[in-house]
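A.B. asks: One line per chain: the protein sequences are X and L, in this order. Under full-length UniProt numbering, the first residue of the first sequence carries the number 1, and numbering increases by one thereafter. Under full-length UniProt numbering, the first residue of the second sequence carries the number 1, and numbering increases by one thereafter.
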Amino acid sequence: MGGSSRSELDISPGSNVKPGGLAVAWKYIYKYNTLIMLVLLIIASSMISPAFFTERNIFNLLRQISGLTIISMGMLLVILTGGIDLSVGSLLALGSVIVALFLNGMPLSEAILLTLLVGALLGGASGFLVSFAKMAPFVATLAMMTIARGLAFIVSGGHPIITSSEGLSSFGTGYFLHIPLPVILMFVIFIITVIVLRYTVFGRMVVAIGSNETAVRLSGIGVKGYKFSVYAIAGVCSVIAGIISTSRTGVGSPIVGTGMELDAIAAVVIGGASLNGGRGSAFNTLLGALILGLIGNIMNLLSVPAYPQQVIKGLIIVIAVLMQGIKKQSDN
Amino acid sequence: MPENYCVEMRGISKAFGGVNALKNVDLAVKKGEIHALVGENGAGKSTLMKILAGAIARDNGQILLDGGEISITDPKSARNLGIGIIYQEFVLAKDLTVAENIFLNRLSEGLIINWKKLYRKAKDLLDNLGFDINPSATIDTLSVAHQQIVEICKALSENSRILIFDEPTAVLATREVERLFTLLETLKKQDVSIIYISHRLEEIFRIADNITVLKDGSTVGTVRTKDSGKDEIIRMMIGRNLESMFPDRNAEIGEEVLRVEGLNSGQRVKDVSFVVKAGEVVGISGLVGAGRTETVRAVFGADRKDGGNVYVMGKPSNIKSPRDAVRHGVGLLPEDRKAQGVLLHLPIKINSTMSAIKKISKGMGWISSQEENKLVEDLVKKLAIKTSGIDADVSSLSGGNQQKVAFSKWLASNCRILILDEPTRGVDVGAKVEIYKLINEIAGQGVGILMISSDMPEIIGMCDRVMVMKDGLVSGELAKSDLSEESILRLAIGG
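#1: Mind pulling the chain X residues with CB within less than 7 Å of G341 (chain L)?
#2: Do L181 (chain X) and Y175 (chain X) have their C-beta atoms within less than 8 Å of each other?
#3: Taking only beta-carbon positions, decide if L332 (chain L) is within less than 8 Å of chain X.
#4: Any Cβ of chain X within less than 8 Å of the Cβ of A325 (chain L)?
#5: Would H159 (chain X) be called buried (16 or more neighbouring beta carbons within 10 Å of its own) or exposed?
#6: Which residues in chain L have a C-beta closer than 8 Å to the C-beta of G222 (chain X)? List them in chain order.
#7: Check C6 (chain L) in the structure and name its three-state DSSP category.
#8: Three or more C-beta pairs under 8 Å: does that hold for the stretch 336 to 356 of chain L against the stretch 189 to 203 of chain X?
#9: Between G266 (chain L) and chain X, is there a C-beta pair that is closer than 8 Å?
#10: Under 9 Å Cβ-Cβ, which residues of chain L neighbour A266 (chain X)?
#11: Are I195 (chain L) and I149 (chain L) closer than 8 Å when you measure CB to CB?
#12: 8 Å is my cut-off, CB to CB: does K480 (chain L) come that close to chain X?
#13: Provide the residue span of the alpha helix (DSSP H) that contains Y119 (chain L), from first to last.
#14: Starting from H146 (chain L), follow the beta strand (DSSP E) in both directions and report where the run begins and ends.
#15: In its own chain, which residues sit with a C-beta less than 6 Å from the C-beta of M456 (chain L), not counting the 5 before and 5 after it?
#16: For chain L, is any of its Cβ atoms less than 8 Å away from the one on F202 (chain X)?
#17: Under the rule that 16 or more other beta-carbon atoms within 10 Å means buried, what is residue 340 (chain X), buried or exposed?
#18: Am I right that residue 497 (chain L) and A479 (chain L) are in contact with their C-beta atoms under 8 Å? What's the rounded C-beta distance?
#19: For A234 (chain X), return the contacting residues in chain L, with the cut-off set at a CB-CB distance below 7 Å.
#20: Using DSSP bridges, identify the partner residues of I417 (chain L).
#21: So, at 7 Å on beta carbons, what are the nonlocal neighbours of T353 (chain L) in its own chain, with the 5 sequence-adjacent residues on each side left out?
#22: Between L:R416, L:E151, L:G399, which has its C-alpha nearest V427 (chain L)'s C-alpha?
#23: Around the C-beta of I228 (chain X), are 16 or more other C-beta atoms found within 10 angstroms, so that it is buried, or is it exposed?
#24: When you compare only the Cα positions, how much space is there between S165 (chain X) and G293 (chain X)?
#25: Using a beta-carbon distance below 8 Å, is S229 (chain X) in contact with chain L?
#26: Against chain L, with Cβ distances strictly below 8 Å, would G208 (chain X) count as a contact?
#27: Closer than 8 Å, CB to CB, is S218 (chain L) near chain X or not?
#28: Check the C-beta distance from V25 (chain L) over to M9 (chain L) and give it rounded, since I have them as a contact under 8 Å.
#29: Closest to A264 (chain X) by C-alpha separation, out of X:S72, X:M47, X:F153, would be which residue?
#30: Can A173 (chain L) and G446 (chain L) be called in contact, C-beta distance under 8 Å?
#31: List, in chain order, every chain L residue whose beta-carbon is nearer than 9 Å to that of G278 (chain X).
#32: Between which residues of its own chain and W410 (chain L) is the CB-CB distance below 6 Å, once the five residues before and five after are set aside?
#33: Skipping 5 residues on each side, what residues in its chain have a beta carbon closer than 7 Å to that of H328 (chain L)?
#34: Using 8 Å as the limit for Cβ to Cβ distance, is A218 (chain X) near chain L?
#35: Assuming the contact rule is C-beta atoms closer than 8 Å, G124 (chain X) and V239 (chain X) should be a hit. Round their C-beta distance to whole Å, please.
#36: What are the start and end residues of the beta strand (DSSP E) that includes N101 (chain L)?
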């Protein structure tokens with residue numbers, strides 16, 4: 001550390017923290033705060049309820065959060081670029097409704113492909129508004145949020161659409177090696193996100209744009225295309241979650257996914273991502289979604305009513321982000 | 001005779017993590033003097049000044065004001081004691097007006113803001129400095145130089161008796177510098193003590209009464225300007241002689257690589273034409289606001305062109321975006337390193353391969369870590385970037401090393417034309433020399449270089465030819481043999 005030259009304006013200690021026992025311990029606590037929080041919750045849960053550590057409950061929990069996790073991966077990409085997507089919950093509902101409608105008139109694979117296409121198109125529309133029309137992401141996706149929800153009501157006529165497709169419900173209720181299929185899909189999408197962020201030019205540029213868009217543009221990178229793409233991907237993730245929802249219940253509903261955008265943002269933020277962009281990880285986002293799911297799960301096991309659940313969830317978000325605030329200060 | 005000192009810092013120490021930024025530093029400034037604080041980047045100047053201004057807390061040491069010990073706990077307590085600071089990076093609210101920024105912490109005397117009075121007070125302050133700036137203009141419509149003036153007004157409006165300037169002239173052109181110096185002299189006569197941080201020794205020898213030199217977080221010594229010379233100061237700072245500042249270049253000037261004809265862009269670029277050849281370093285000089293940055297931004301496609309032709313390697317090329325420019329082999333090192341040049345909070349690795357990402361990726365955009373690491377390791381070695389490793393964030397580097405990272409991006413991309421906008425701004429003397437060597441080396445490889453600089457010795461020492469701009473027009477071109485501060489100034493000011 002003595003050999004490296006330093007700017008006097010930059011005063012971050014980086015890896016130069018004094019190697020005292022307590023300091024090291026704190027450093028690790030800050031660094032892995034999301035993981036530590038999850039582990040503490042798991043320990044607490046297993047102590048509170050003997051039903052927690054059953055295979056049935058664990059897979060139930062994972063299946064419940066599979067949609068949220070998939071949406072959170074799309075949300076992570078958007079947030080990494082410094083944007084936000086409020087339309088994911090509505091697109092989930094739209095996906096849930098149209099896949100049921102499509103299934104009543106065409107084969108499974110075509111219905112799913114068409115649904116994914118609609119997700120890409122509507123997500124892409126937000127992306128177009130943000131990147132090419134230079135609209136604020138909050139505003140563009142807020143508009144898409146109400147448009148997609150409205151479309152879901154229009155195409156369904158306001159009623160749940162029942163689908164008799166056995167192919168789809170065998171996915172929603174099926175298992176592979178004792179693991180529910182939606183959970184497998186969730187892990188596949190998680191791993192793809194990890195790989196994209198780690199090993200591809202696309203992932204690299206998404207993070208770089210969030211870190212300093214001007215510098216990236218002046219490096220000769222076409223920023224708009226990347227910004228457009230992340231919203232399209234978030235749209236696809238949202239309708240996938242919608243398809244999962246329909247596959248589990250056999251019903252496409254225009255009212256599912258209400259408030260899902262907030263849970264997805266919460267998962268990403270609990271995972272330590274910066275809403276200014278440029279910082280965040282797929283692994284920690286997965287942990288964030290697990291924490292959110294776990295809180296709901298344990299409170300259900302304890303029969304805590306729904307309203308206090310919301311308050312406690314909000315408090316957990318505050319605690320998680322506070323811990324990161326302390327982390328940032330210790331970095332400075 | 002400590003009672004003569006207006007402000008005294010004794011035995012100041014500060015460590016960040018395990019690193020000592022300051023070790024037992026002393027500084028004593030008299031009433032009504034201009035006291036220069038010099039040292040290479042990383043010497044601890046800014047840290048020392050941030051302690052005085054209350055922005056960071058000291059670990060040890062005393063601060064005395066008029067002989068009595070004082071306690072500075074935060075920026076507010078420092079301001080109340082009459083200590084004002086003008087940072088190198090401005091702290092202005094960009095969407096607010098000039099007047100609002102100047103009087104930000106005391107907009108109103110009662111509950112309601114008297115806008116008329118506020119604007120008038122701001123205008124008085126600005127007029128007093130000799131600057132015609134509209135007090136109701138928002139900050140982001142002002143040039144960098146004018147933004148700095150607002151910063152100075154803000155500090156002055158708080159009746160500061162000790163004013164700290166951190167590299168104030170780095171962003172100013174000659175005329176503004178003269179005005180600033182006149183202002184400093186006036187303040188001095190009013191018994192204001194001025195602490196002046198600068199890398200520009202010419203300036204320091206013109207205006208400072210005493211000079212304190214810091215090196216590696218310790219005081220080397222304080223000398224009276226009258227009794228000292230540039231060579232002595234440089235020796236105290238780095239132990240190097242001035243002659244080696246501008247190393248010789250061994251570049252053969254070849255074919256034309258860039259030709260710009262009748263370029264127009266916005267209000268600041270009017271009918272600009274010039275040529276750059278392979279291996280040549282062409283300078284663009286002129287006052288701030290003469291249209292230098294705007295010209296190169298238009299060439300690079302960062303701003304819209306309103307007319308004119310650009311030929312790259314002899315072929316007409318329609319560059320509409322930075323992406324087009326990079327495809328044509330044109331690179332740009334922007335003026336504002338932190339805002340435009342580097343990704344501060346990402347690793348060196350990512351920064352260095354930004355413009356050469358195609359080279360290290362294959363297929364559908366898979367990055368080859370092996371090739372990337374090799375490319376970046378080579379660049380770090382070649383540019384002698386001082387870092388703990390290629391995965392270190394750029395923000396952990398000194399200014400000079402950050403600038404080298406910005407350079408490395410274009411070395412990796414193998415560009416044919418490299419545009420440099422103030423390449424050594426805010427960089428210490430030692431790193432400057434390294435950047436000059438680097439420019440020479442790049443030119444030696446047959447790259448044509450177009451360089452904007454407000455640093456006169458630099459543009460004279462480095463360029464084969466200099467084009468001077470004034471009010472958006474090219475006012476003249478000077479061959480190497482005709483280059484002097486006088487000849488450049490005559491074209492820049494006109495008359």
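Even glycine gets a Cβ: it sits at the ideal position worked out from N, Cα and C. All values derive from a computational prediction rather than experimental measurement.
C.D. replies: Concretely, from the data shown:
#1: Scanning chain X for C-beta atoms nearer than 7 Å to the C-beta of G341 (chain L) yields A215, reported in chain order.
#2: Yes, these two residues count as a Cβ contact at 8 Å.
#3: Interface residue, yes.
#4: Put simply, the CB of A325 (chain L) is near chain X, with a gap under 8 Å to one of its CB atoms.
#5: H159 (chain X) should be labelled exposed.
#6: Within 8 Å Cβ-Cβ: S321, R323.
#7: When DSSP states are grouped into helix, strand and coil, C6 (chain L) belongs to the strand group.
#8: Contact fails: fewer than three Cβ-Cβ distances are below 8 Å.
#9: No, G266 (chain L) lies away from the interface with chain X (no Cβ there is under 8 Å from its Cβ).
#10: Listed along chain L, no residue sits closer than 9 Å to A266 (chain X) by beta-carbon distance, the nearest being about 23 Å off.
#11: No, they are not a contact pair.
#12: In terms of beta-carbon proximity, K480 (chain L) stays away from the interface with chain X, with every pair separated by 8 Å or more.
#13: 115 to 128 is the extent of the alpha helix (DSSP H) around Y119 (chain L).
#14: Careful: H146 (chain L) lies outside any beta strand (DSSP E), inside the alpha helix (DSSP H) at 144 to 157.
#15: Non-local C-beta neighbours of M456 (chain L) in its own chain, meaning closer than 6 Å and more than five positions away in sequence, comprise E485, ordered along the chain.
#16: Output row for F202 (chain X): interface = yes.
#17: This structure cannot speak to residue 340 (chain X), because chain X is shown only from 1 to 332.
#18: Because chain L here runs from 1 to 495, residue 497 (chain L) falls outside it and cannot be looked at.
#19: Simply none; closest approach about 19 Å.
#20: Under DSSP, the beta-bridge partners assigned to I417 (chain L) are L:V330, L:G448.
#21: Counting only Cβ-Cβ distances below 7 Å, and skipping sequence neighbours, we find I360, E372, L375, V376, A412.
#22: The residue with the shortest Cα to Cα distance from V427 (chain L) is L:G399.
#23: Contrary to the premise, residue 228 (chain X) reads as Phe rather than Ile in this sequence. Answer is buried; the Cβ neighbour count reaches 16.
#24: S165 (chain X) and G293 (chain X): Cα-Cα distance of roughly 29 Å.
#25: With respect to chain L, the C-beta atom of S229 (chain X) has no partner C-beta closer than 8 Å.
#26: According to the sequence shown, residue 208 (chain X) is Ala rather than Gly. It does; some Cβ of chain L falls within 8 Å.
#27: By this cut-off, S218 (chain L) is not an interface position.
#28: That belief holds up - the Cβ atoms of V25 (chain L) and M9 (chain L) are roughly 7 Å apart, short of 8 Å.
#29: The residue with the shortest Cα to Cα distance from A264 (chain X) is X:S72.
#30: Their beta carbons are not under 8 Å apart, which means A173 (chain L) does not touch G446 (chain L) by this criterion.
#31: Within chain L, the residues near G278 (chain X) are L343, H345, L346.
#32: Taking C-beta separations shorter than 6 Å and ignoring five residues to either side along the sequence, the partners of W410 (chain L) in its chain run G331, L418, following chain order.
#33: Here the set comprises V312, S317, I319.
#34: Note that residue 218 (chain X) corresponds to Leu in the displayed sequence, not to Ala. Chain L, which has a Cβ nearer than 8 Å to the Cβ of L218 (chain X), makes this yes.
#35: About 12 Å separates the beta carbons of G124 (chain X) and V239 (chain X), which is beyond the 8 Å limit, so they are not a contact pair.
#36: If you look at N101 (chain L), you'll find it isn't in any beta strand (DSSP E); it sits in the alpha helix (DSSP H) that goes 98 to 102.
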